[in-house]
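Just below is one structure, and these are the notes that go with it.
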Amino acid sequence: MSQPKKRVYNFTEGSKEQKDLLGGKGANLAEMTGIGLPVPKGFTITTEACLEYLDSKKLLPELVKEIEEHIARLENETGKKFADEENPLLVSVRSGSKFSMPGMMDTILNLGLNHQSVEIFARKTENPVFAYDCYRRLIQMFGDVVKGVDKNIFEEALTLYKAAQGYSSDIEMKAEDWKEIVQQFTTIYLKEVGENFPQDPSEQLYAAVEAVFTSWNNPRAVTYRRIHEISDKLGTAVNIQEMVFGNTGGNSGTGVAFTRNPATGEAGVFGEFLLNAQGEDVVAGIRTPRPIQELKQDQPAIYMQFEKICHQLEAHYQDMQDIEFTIEEGKLFILQTRNGKRTAKAAFKIATQMAEDGVISKEESMKRLTPSMITQLLHPVFDEQMLAESKSVAKGLPASPGAASGRVYFHAQDAQKAHAAGQKVILLRTETSPEDIEGMVVSEAIVTSRGGMTSHAAVVARGMGVCCVVGCEQLTINEKLKQAYDGTHTINEGDLLSVDGTTGKIYRGEIKLDKTQDLELLVKVLRWASQIGNMQVRANAETVEDIRAALEFGASGIGLARTEHMFFGKERILEMRKMFLSEDQVQRKQSLETLKAFQKKDFAEILSLTEGMPCTIRLLDPPLHEFMPKTKEEYEQVADACGQTVDFIMQRGKDLEEFNPMLGHRGCRLAITYPEIYEMQVEAIMEAALELVKTGKQVKPEIMIPLVAEEKELTYLKKALEDKIQLVFEKHQMKIAYKIGAMLEIPRACLTADQLATSAQFFSFGTNDLTQLTYGFSRDDSVKFLPDYIDKGILEDDPFQHLDQKGVGSLMQTAIALVKPQHKDISFGVCGEVGGDPDSVSFLQKIGLDYVSCSPYRVPAVLLTVAQMSIE
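Per this note's numbering: the sequence shown = residues 54 to 925.
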């Protein structure tokens, strides 16, 4: 005969491994009971019982019977009686899911008191002040958390009463005062709830249990679970525990402490306590708590016992603990322990210190850190107090994390001038283009009213590690008037703004930065992660600064050097415009020679910095419109440089206009029309590489052809490039190893990857365009409707930020499956934005990629993710 299902566990029956069943709080209470700590007796109703209740909308008779049996057991253990007026058993009721979760039901203390038992309780304890204070707390807590009465209504009544009596704090209240407050609270309860406060302790108990179960699905809890990806199917446990009282007088108290400083990670007991108080008083802000170290003077024996328990718990759980305690008449009780929440800085300090002390392994230390912690360490954040007091005026997409304050400028040239004059600058644009780069590099933050997470502003800012918010459509920007409007106020040039690139929020005025970041521990952790991870992490970078940053963070090479980003400067972009807009072949050749000199210098720097590492250089892939002049003044500059009329050059520009530039004359299509561009680039790459080899350096150039859709495109271009490379080798009378590969960013390319593999030596998925073309979404314009898709549950995430595994992921898997069996030497990588998304990286590792490549400042988070995946 099978055993009946068990829904209630005594604290003597469970362990810390049973968090799924008993919740985190219940499992830890059972564990502490098991190792002999002074824990008040009690029992836990399981998470399974919660799910049963949510399904049936009632407490099952079997559960009620088990609760009654455990109440009877608790009565025998304590010598007190529940629902007894002579020697009442009072209990606390607390929720406790597997994960610590704001939004769940708050604690109810002193449950079991009523109008009669409170008088007995006052006589028995010879402390009527204490007894009636406990009863008014029960009415207030029960009204708040079980019946939904605004607790401020109770607090206002108490505040008015104290003011009328001339009391400055609760401690001055006498027994008659608390009796009066009990009457007032009882009246408030009746008025707000429409019924009298329940006098039957069993009625109180079951109503509290149902409130805990119901709180699992309250809006705050549901939202928190969605944000933190916690399953709705876990349920919450209920912990029912004998009351111990910290408010019986000066020999009692309550407190909360950590075994280490949660802000810095420094070892040593850190916390606060209050004498003559119950647990809620420490965090309520009504009285100012005292530092835990002062307990040593008041009650030295208790402090020594507590300090010893702190060391015992940290050693037992092998992590920093957050501990709640109560002292009742000189006796210490431990009410709760859990892994303490901590800042990113503290998390790194604790994890590395415990690993170096041999308490945990390096692998375990990796598992305790998160990519978001790395983001906090790498990028400045606003002072929490100032941020809490500030109201945002607009919100866009958080394109590049960090925080910055500065004065607003609407043009790159103005931003440059202001920076040169010593100002901190915020560049505010409708959208950015390559010409804005000189203003972007001097800006503390970049904000655009248009564009998505893969827009020009977003990509460039992430590469530079600059705070950036894009697609902020709440801002109406008029660059001509040098003004923006946030819906309420006008923002003028020179006004102070603060930008939070982690949340996408924009604030008026200056918010101080928290400058406590320490990267020394981060570098140490990244070194460990590089040793553990089994997939390479490269960087998307082409400037000296970005490459150096990426390599310092542990990147194993460059997975994407975007050559179109190398033509941002005024001199270079002018030559590009001359090349495209002039019909004179001689002039076009001269422009290419000038550009080749620039390119050769660029490639020499890149290959030198990445000595001995793979360096993937993507040949030119500009949507043509990005290189075209935007203003009449710019057309005049090109006309003057070409010796042509402005009308002629403007007509040429008009001839090259496209209805959809992102699907137009770009990538390998540009090279089919203008083969001399790619030939110039490979000549510059190889000449730079050969010169470096002559100096003794090792170089590994990988040349990537973008936007390939058809096998014949690749074979045609590869032959042309190899012919040019061969001429370079013959001229210099030496050869080096190199690779030519293709970017897979068109669905057709993924579906015919086996055909492309006859020519390609490597593949890299360009997931930005692959996502765009798979969904048919414009990655810049989708910002207008994707939030609605996500809010309405049509899409779970923005597919440009988190890889669409079902659609785009399937195309990638298809390409790998088509190629790998016959061409094991062909490597696969990812260089789109999802290569820097930790959630996507775990999938990419599973499908067999050799490497991922991402923006330099996303390398650390990805290294950690890869290490964690490798450990699992």
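Every residue, glycine too, gets a C-beta built ideally from N, C-alpha and C.
Looking at T405 and V578, is the spacing between their C-beta atoms short of 9 Å?
Against the sequence shown, residue 578 aligns to sequence position 525. Against the sequence shown, residue 405 aligns to sequence position 352. The answer is yes: Cβ separation under 9 Å.
Through-space distance from T824 to S812, alpha-carbon basis
Looking up residue 812 in the sequence shown gives position 759. Looking up residue 824 in the sequence shown gives position 771. Looking at the two C-alpha atoms, the distance is approximately 25 Å.
Using CA coordinates, which residue listed in D467, V182, L191, T483 is at the minimum distance from A228?
By one-based count along the sequence shown, residue 228 stands at place 175. Nearest option by C-alpha distance: V182.
Beta-carbon separation of C668 and P754 under 9 Å?
To locate residue 668, count along the sequence shown from 1; it is residue 615. To locate residue 754, count along the sequence shown from 1; it is residue 701. It is a contact, given that the beta carbons lie within the stated cut-off.
Quick check on N270: buried or exposed, where buried means 16 or more other Cβ atoms within 10 Å of its Cβ?
Translated into positions along the sequence shown, residue 270 becomes position 217. Exposed.
So within the region 896-925, which uninterrupted beta strand (DSSP E) runs reach at least 3 residues, ignoring any that extend past its ends?
904-907
Where the alpha helix (DSSP H) containing C521 begins and where it ends
Locating residue 521 in the sequence shown gives position 468, counting from the first residue. Segment 520-523 is the beta strand (DSSP E) holding C521; no alpha helix (DSSP H) there.
Assuming L82 contacts T99 (C-beta within less than 8 Å), just tell me the rounded distance between them.
Numbered from 1 along the sequence shown, position 29 holds the residue referred to as residue 82. Numbered from 1 along the sequence shown, position 46 holds the residue referred to as residue 99. L82 to T99, Cβ: 13 Å. No contact.
May I ask you to verify whether the region 77-93 touches the region 142-152, counting CB pairs closer than 8 Å and requiring at least 3?
yes
Counting C-beta neighbours from all protein chains within 10 Å, is the total for Q218 16 or more, i.e. buried, or is it exposed?
Taking the sequence shown and counting its residues from 1, the one referred to as residue 218 is at position 165. Q218 comes out exposed.
Along the chain, where does the beta strand (DSSP E) that runs through F174 open and close?
Sequence index remark: in the sequence shown, residue 174 carries index 121 (1-based). That residue, F174, is in no beta strand (DSSP E); its alpha helix (DSSP H) goes 168-178.
With a Cβ-Cβ cutoff of 9 Å, do F816 and A795 count as a contact?
Residue mapping note: residue 816 aligns to position 763 of the sequence shown, counting from 1. Residue mapping note: residue 795 aligns to position 742 of the sequence shown, counting from 1. Yes, they are a contact pair.
DSSP-derived helix/strand/coil call for I293
On the sequence shown, residue 293 is found 240 positions in, with the first residue counted as 1. Strand at I293.
Tell me, to the nearest whole angstrom, how far the beta carbon of S305 is from that of I380; I am working on the premise that it is less than 8 Å.
Indexing the sequence shown from 1 puts residue 305 at position 252. Indexing the sequence shown from 1 puts residue 380 at position 327. Right, their Cβ atoms sit about 5 Å apart.
Bridge partners - R343, DSSP secondary structure assignment
Taking the first residue of the sequence shown as position 1, residue 343 is located at position 290. According to DSSP, R343 bridges with F326.
Same chain, Cβ closer than 6 Å to M54, neighbours up to 5 away in sequence not counted:
Walking along the sequence shown from the start, residue 54 turns up at place 1. Reliability of the predicted coordinates at M54 is poor, the pLDDT of 49 falling under 50, and the value obtained from them is presented with this limitation in mind. For M54, where only same-chain residues beyond five positions count, there are no Cβ hits under 6 Å.
Take the Cβ of N314 as the centre, count every other Cβ of all protein chains shown within 10 Å, and call the residue buried at 16 or more, exposed below.
Indexing the sequence shown from 1 puts residue 314 at position 261. The residue is buried, with at least 16 neighbouring Cβ atoms inside 10 Å.
S551 - containing beta strand (DSSP E), residue span
For the purposes of this step, residue 551 is identified with residue 498 of the sequence shown, where counting begins at 1. Its beta strand (DSSP E) spans residues 549-553.
Nearest CA to the CA of E598: which residue from L574, V590, I659, L550?
To locate residue 598, count along the sequence shown from 1; it is residue 545. Of L574, V590, I659, L550, the residue nearest in Cα terms is I659.
Specify the secondary structure class of C668 as computed by DSSP and reduced to three states.
Taking the first residue of the sequence shown as 1, we reach residue 668 at position 615. It is a strand residue.
For C525, which of E563, K448, V322 has the nearest alpha-carbon?
Taking the first residue of the sequence shown as position 1, residue 525 is located at position 472. Among E563, K448, V322, the Cα nearest to that of C525 belongs to K448.
Considering I161, what are the terminal residues of the alpha helix (DSSP H) in which it resides?
Here residue 161 corresponds to residue number 108 of the sequence shown, with the count starting at 1. That residue, I161, is in no alpha helix (DSSP H); its beta strand (DSSP E) goes 161-164.
Rounded separation between V691 and E573 - CA only
Position 638 of the sequence shown, counted from the first residue, corresponds to residue 691. Position 520 of the sequence shown, counted from the first residue, corresponds to residue 573. Roughly 49 Å separates the two Cα atoms.
Does the distance from the C-beta atom of V919 to that of G888 stay below 9 Å?
Working through the sequence shown from its first residue, we reach residue 919 at position 866. Working through the sequence shown from its first residue, we reach residue 888 at position 835. For V919 and G888, no; Cβs fall outside 9 Å.
Could you check how far apart the C-beta atoms of S508 and L528 are, in whole angstroms? I think they sit under 8 Å.
The sequence position of residue 508 within the sequence shown is 455, counting from 1. The sequence position of residue 528 within the sequence shown is 475, counting from 1. In fact, because the Cβ distance is near 15 Å, the residues do not count as touching under 8 Å.
In the structure shown, what three-state DSSP assignment does M796 receive?
Working through the sequence shown from its first residue, we reach residue 796 at position 743. Three-state DSSP puts M796 in a strand.
In the DSSP assignment, what are the bridge partners of Y62?
The residue labelled residue 62 in the question sits at position 9 within the sequence shown. According to DSSP, Y62 bridges with T97.
What is the DSSP secondary structure of A452, reduced to helix, strand or coil?
Taking the sequence shown and counting its residues from 1, one reaches residue 452 at position 399. Residue state, collapsed to three classes: strand.
Integer Cβ distance of R460 from K477, believed to fall under 8 Å
Stepping through the sequence shown from its first residue, residue 460 is reached at position 407. Stepping through the sequence shown from its first residue, residue 477 is reached at position 424. About 7 Å; that satisfies the 8 Å criterion.
Tell me, please, which residues DSSP counts as bridged to K384.
Counted from its first residue, the sequence shown places residue 384 at position 331. Note: K384 sits in a beta bridge opposite E381.
Complete alpha helix (DSSP H) runs within the region 613-675 (minimum length 4 residues, chain order)
623-634, 638-662
Within 10 angstroms of its Cβ, does G696 collect 16 or more other Cβ (buried), or is it exposed?
Position 643 of the sequence shown, counted from the start, is the residue given in the question as residue 696. By the 10 Å Cβ count, G696 comes out exposed.
Which word fits A368, buried or exposed, when buried means at least 16 other C-beta atoms lie within 10 angstroms of its C-beta?
As a position in the sequence shown, residue 368 is number 315, starting the count at 1. Exposed.
Confirm, please, whether the CB-CB distance from G455 to H432 is below 9 Å.
Your numbering for residue 432 matches position 379 in the sequence shown. Your numbering for residue 455 matches position 402 in the sequence shown. Contact flag set, yes.
Counting Cβ pairs closer than 8 Å, one from the region 672-684 and one from the region 718-728, do we hit at least three?
yes
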